[in-house]
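The structure under discussion appears below in the form of structure tokens.
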DNA sequence: GTTGGCACTCGGGAGGATAGAGTGCTAATC
DNA sequence: GATTAGCACTCTATCCTCCCGAGTGCCAAC
């Protein structure tokens, strides 16, 4: 994108003004608010050029200009400068996140809540991707005849469990043997290297009769697989209704309708993450603007996520869905700071 | 409420018509749609009377009438007849609920989902009130130095657990002793009869040194108390945006804002439940209409809940929040049927 | 108690005028 | 070649006004 300095400034100014006023910005008001040392006619020429490049657009002939998706993209990539949060804002966030909790899940929920409150938008977090974490313990507890609880302690300091059905006849001792055998042979293995075959092999060393054994092993395997399933936490959907950007009921409905399908959103976040990895992007955050987002109803939104780390190999995402017309520099630094604090707190768990 | 038969019919017809058309209903359209053997002038007199009694009201002078909260109340209490669901509708619900799950929580979430889908409104469920269930097992598993998992199996077929911090020096054996002692002495006790003192007494029989012991006992106690905390599952908030009743963005925002505070909603449901118990109400459902609901922003809503039973003494609520202007007889029978199926499924867990 | 008739009320939609912000273009100027 | 002043034009948003129609309350008659 070849833009001379003034055109960059003009685009910058248009984005800033539009974000703060929610009104299409015209050449005259641009002159009034900013100190361009040229006349409005000159800016009109520049604006015509920017429009030609697809960076800004007119809602209709006699209105001012608003940034297009491409315009926001240019702004985000090259024009804006991210400013640090004030100490006061930092303190506010720290205070909310530093409430002591016993489980990582709680910590993540806290962070999500904080992010929604501080940005005023929808926030979301993915649970850690545990595929790369490994088993530290696996216990099977009999609950009652035919039912047991598989408890797994993972290297990332996470505890998972699942109630499973087991054959009625099995006694405590047999279960102990099986769980001992599994634990012994799978401890230290990353979850994504554990297959049904691995588990079955692990169980062979016991003297529990074949068909009973097999069912328990299968259930243990299922429990392990379930342990690395991803969860998503979404919060603050209702805040979107307060934004002028979604004052049209139709848009608001589409947006919330899509967000209500949390599985779909989770899938999308994953896809973003994977895409970023493939590109080898080393940005500390990912951002999608407007039509770049392939989820229905999010055309007027931007989607910003960052990656938190529970351990070196176990990470997840946390981020925000807000209107395209947002204060990017601010929101990005908010997310970044929350991520930073989250990472710090997570160290305590591992 | 003294109403002659025709006035009852008029009120009934007004509610029906208003529910189905969302337009204030006038005397003339009433005659057209229903076979009253009187003239519109007569109905006008009746309607004036009904208005005088506070059962219906006019949005403005020259509009038809709409039911007031009191009118809906009368309708719900005395006028409507609840019809059974068609076999087809029943099948639809059964199909959704009968997906096999291993935990009660999943079952409840399923039911909530089903209810939101079938009614098209917001559905909610409270987790079972476990105060009256009793401990069947309590195990403490060492996770790593300083951290343990308290696992509780409750009589209602529910498994709860909590990660707790424990003194670093404690070894497996000591923990086993403590958990064995607690289990031995508390098994069979309803959760609401377990106090910190009970737990501490239970722990006395071990030879673990005092200050360490005390901390573990406290954490075990905290885990037990956490086990009977109530959760609420809310679903389908976005559906409200499709209703003409909430086409005003302001109302929609207030509504969703309130619903986003799930703790508050949970508190309110509890309050409803308690009030119903005190009154010794034996209805199979509870209903609050419009202003009867003390939650902010729900003036245009009705709140219907039913009580499901996990065991004789362990119950919870499931229900719907929809517009006042709803097909009560239908929605009530939907809730009732979901509740029935839920109860049936729950038997499998206890 | 019921009915037909009638004057009255009020919201909502259609139509029309107007203001105002903004544009593109042209011709003159730096 | 870039910049500027000037101007005609465009389009929306807003405000009025008008009018229709559904609905009402009331009265006199049945």
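Chains as they are written, first to last, in my numbering: chain A, 1284 to 1633; chain B, 1284 to 1633.
Every residue, glycine too, gets a C-beta built ideally from N, C-alpha and C.
Of all residues in the segment 1299-1330 of chain A, none has a C-beta nearer than 9 Å to a C-beta of chain B. Residue 1287 of chain A counts as exposed, since fewer than 16 other C-beta atoms from the protein chains shown sit within 10 angstroms of its C-beta. Residue 1307 of chain B is classed as buried because its beta carbon has at least 16 other beta carbons within 10 Å across all chains shown.
Listed by position along chain A, the residues whose Cβ is nearer than 8 Å to that of residue 1422 of chain B are 1424.
By the rule that beta-carbons nearer than 7 Å mark a contact, residue 1540 of chain A touches chain B.
Taking 7 Å as the cut-off, the Cβ atoms of residue 1551 of chain A and residue 1513 of chain A do not count as close. When the alpha-carbon of residue 1488 of chain A is set against those of A:1509, A:1474, A:1457 and A:1438, the nearest one is in A:1457. Within chain B, the residues whose beta carbon sits less than 7 Å from that of residue 1386 of chain A are 1446, listed in sequence order. In this structure, DSSP gives residue 1546 of chain B a helical state, which the three-state scheme calls helix. Your pair residue 1337 of chain B and residue 1298 of chain B does not check out as a contact, with CB atoms roughly 14 Å apart and the cut at 8 Å.
In the DSSP annotation of this structure, the continuous segment of the beta strand (DSSP E) that includes residue 1430 of chain A starts and ends at 1430-1437. Of all residues in the segment 1559-1590 of chain A, none has a C-beta nearer than 7 Å to a C-beta of chain B. Within chain B, the residues whose beta carbon sits less than 8 Å from that of residue 1536 of chain A are 1521, 1524 and 1525, listed in sequence order. DSSP places residue 1446 of chain B in the uninterrupted beta strand (DSSP E) bounded by 1442-1448. At least one C-beta of chain B is nearer than 7 Å to the C-beta of residue 1543 of chain A.
Per the C-alpha coordinates, the member of A:1333, A:1430 and A:1464 positioned closest to residue 1450 of chain A is A:1430. Leaving aside the five residues that flank residue 1316 of chain B on each side, the residues in its chain whose CB is nearer than 8 Å to its CB run, in chain order, 1296 and 1300. Collapsing the DSSP output to three states places residue 1465 of chain B in a helix. DSSP places residue 1620 of chain A in the uninterrupted alpha helix (DSSP H) bounded by 1611-1630. Counting the other CB atoms within 10 Å of its CB gives residue 1367 of chain A a total below 16, which places it among the exposed residues. Taking the CA atoms as reference points, residue 1447 of chain B sits about 48 Å from residue 1610 of chain B.
With a threshold of 7 Å between beta carbons, residue 1390 of chain B makes no contact with chain A.
Taking C-alpha positions only, residue 1439 of chain B is separated from residue 1632 of chain A by approximately 32 Å. At a Cβ-Cβ threshold of 7 Å, residue 1424 of chain B and residue 1530 of chain A do not count as neighbours. Chain B places a beta carbon closer than 7 Å to that of residue 1530 of chain A, counting this residue as a contact. Residue state for residue 1507 of chain B is assigned as helix, using DSSP reduced to three classes. Per the DSSP secondary-structure output, residue 1518 of chain A pairs in a beta bridge with A:1406. Residue 1336 of chain A is outside the set of residues whose beta carbon lies under 7 Å from a beta carbon in chain B. If you draw a 10 Å sphere on the C-beta of residue 1387 of chain A, you find 16 or more other C-beta atoms in it, and that means buried. Under a criterion of Cβ atoms nearer than 7 Å, the residues of chain B adjacent to residue 1436 of chain A are, in order, 1426. Pairing residue 1606 of chain A with residue 1327 of chain B, the inter-Cα distance amounts to about 51 Å. About 4 Å separates the CB atoms of residue 1596 of chain B and residue 1415 of chain B; that is less than 8 Å, so the two are in contact. As computed with DSSP, residue 1451 of chain A is found in no beta bridge at all. The Cβ atoms of residue 1602 of chain B and residue 1618 of chain B lie closer than 7 Å to each other. A distance below 7 Å between beta-carbons, with the five flanking residues on each side excluded, links residue 1419 of chain B to the following residues of its chain, in chain order: 1436, 1437, 1438 and 1470. Residue state for residue 1592 of chain A is assigned as strand, using DSSP reduced to three classes.
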